[in-house]
Amino acid sequence: MAATRKPLLSLLSRVSRTSRRTYGVLAEGSSSSSSSSSNHLINLEYEYSAHNYHPIPVVFSEAKGSIIWDPEGKKYLDFLSAYSAVNQGHCHPKIIKAFQEQAERLTLSSRAFYNDRFPVFAERLTSMFGYEMVLPMNTGAEGVETALKLARKWGYEKKKIPKNEAIIVSCCGCFHGRTLAVISMSCDNEATRGFGPLVPGHIKVDFGDAVALEKIFKEHGDRIAGFLFEPIQGEAGVIIPPKGYLKAVRDLCSKYNVLMIADEIQSGLARSGKMLACDWEGVRPDVVILGKALGGGVIPVSALLADKDVMLCIRPGEHGSTFGGNPLASVVAIASLDVIQEEKLAESRDEVKEGSKVLHDVLELDLPNMQKAKPKDSPTTATICDRCGRNLYDPSDRAL
863 MAATRKPLLS LLSRVSRTSR RTYGVLAEGS SSSSSSSSNH LINLEYEYSA
913 HNYHPIPVVF SEAKGSIIWD PEGKKYLDFL SAYSAVNQGH CHPKIIKAFQ
963 EQAERLTLSS RAFYNDRFPV FAERLTSMFG YEMVLPMNTG AEGVETALKL
1013 ARKWGYEKKK IPKNEAIIVS CCGCFHGRTL AVISMSCDNE ATRGFGPLVP
1063 GHIKVDFGDA VALEKIFKEH GDRIAGFLFE PIQGEAGVII PPKGYLKAVR
1113 DLCSKYNVLM IADEIQSGLA RSGKMLACDW EGVRPDVVIL GKALGGGVIP
1163 VSALLADKDV MLCIRPGEHG STFGGNPLAS VVAIASLDVI QEEKLAESRD
1213 EVKEGSKVLH DVLELDLPNM QKAKPKDSPT TATICDRCGR NLYDPSDRAL
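The opening residue of the sequence shown carries number 863 in the working numbering; numbering runs sequentially from there.
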């Protein structure tokens, strides 16, 4: 144990002292009054905020790079990174500088007018990823909802699917957000129960199973508009598909004329060691959804990438967002992309791999197995997925 802890302590010390993810320190003598103490703030949130989250009882008060401070000045190392929304580190100076300068100049125009920042961002993003057009939104869930609408519209206009019969195929264990259309694809009983009727037009398939996917395409292919998937499933437990799966998906979508829609909101923008997780198998989806780190942890920014044949199915008045493509978000997104490229974050995987192995060795010994345990039996305990019939606590049950 001691031998294992030694490199871990060395790693943590190195990160806190010299990492390029650390841009500052909490001021000497910082303290918090009782009105701003962690316990008081937690109680305030519990009393006055909807209980749609059950947070870990740690209050973030200040952050620089990968370091977090609570109101009492206690320091933490951030391994969550806001679910990949701060891949560049908290309060990155270049991103903050861009944000501040633009905030004093122009923050919002709405898409009723042109602004002088969004066109630059649109050109940058499309050229960076090799697509012809971008549709800007704000949150990741908005991006997914937009992709669903776009896929349906393309299905009716281009594929000639009969009216109101379009189908979207998605994966068991997926997580694409918590809006109504998105949870209609979910296998999470907590996300779906009590919110019906859910949006129709969805079929589930097991993640990583190309044979099962082709079976669905054969049976329903003339009505399937798109296959929506995460290249690496996040909420399900960072599930990496079998080698060759992404290529097989690309081949099947091309064969059956189905849009390949990659949700790269969490896995994209250097998180996996490539700019997109799909790059690991050299595949090009028809639609890519980006978000989270696109806003550099400063402002919500999401975007859909596609070529004109797909994107121009959406016409004026059919979809939009007051804040989508606003000048402040555009400038922040450009700065966020700059940091990823300039600091070569997609090329730092060996450094990350070294550190993660040391941490894994320690956590494996110090903590209980972090596995999803079946709850104690009760009248409300659910063991079968409402949507796909899968046993939630038996990984061998791979029912469609």
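Note that the Cβ used here is the ideal one computed from N, Cα and C, for glycine as well.
Of the other Cβ atoms in all chains shown, 16 or more fall within 10 Å of the Cβ of E1004; this residue is therefore buried. Rounded to the nearest whole angstrom, the C-alpha separation of L1090 and L970 is 31 Å. Look at D1141 here: in three-state DSSP terms it is helix.
Within the DSSP secondary-structure output, A960 pairs in no beta bridge. For V1120, the secondary structure class from DSSP, reduced to helix, strand or coil, is coil.
In the structure shown, M1047 falls within a coil segment according to DSSP collapsed to helix, strand and coil. Q1203 sits in a helix when the DSSP states are folded into three classes.
Taking S923 as the centre and dropping the five residues before and after it, the same chain places the C-beta of W931, D932, P933 closer than 6 Å to its C-beta, in chain order. Cβ-Cβ distances below 6 Å link N1188 to L970 in the same chain, with the five nearest sequence neighbours on each side left out; the list follows chain order. Spatial neighbours of E1027 in its own chain (CB-CB distance under 7 Å, excluding positions within 5 residues in sequence) are listed in chain order as R1085. Going by C-alpha positions, L1156 is about 7 Å away from A947. Taking 8 Å as the cut-off, the Cβ atoms of I1151 and V1006 count as close. Beta-bridge partners of F980 (DSSP): none assigned. Counted as a single uninterrupted DSSP element, the alpha helix (DSSP H) harbouring L1010 occupies residues 1002-1019. S1032: not part of any alpha helix (DSSP H); member of the beta strand (DSSP E) spanning 1029-1033, first to last residue. Annotation: L968 to F961 spans about 11 Å, alpha carbon to alpha carbon. Ranked by how close their Cα comes to the Cα of M1173, the residues G1017, N1051, S1192 have G1017 in first place.
One alpha carbon belongs to I1202, the other to L1167, and they sit about 18 Å apart. Scanning I904, C953, S1192, P1059 for the CA closest to the CA of P981 turns up S1192. Under DSSP, the beta-bridge partners assigned to I1065 are V1031.
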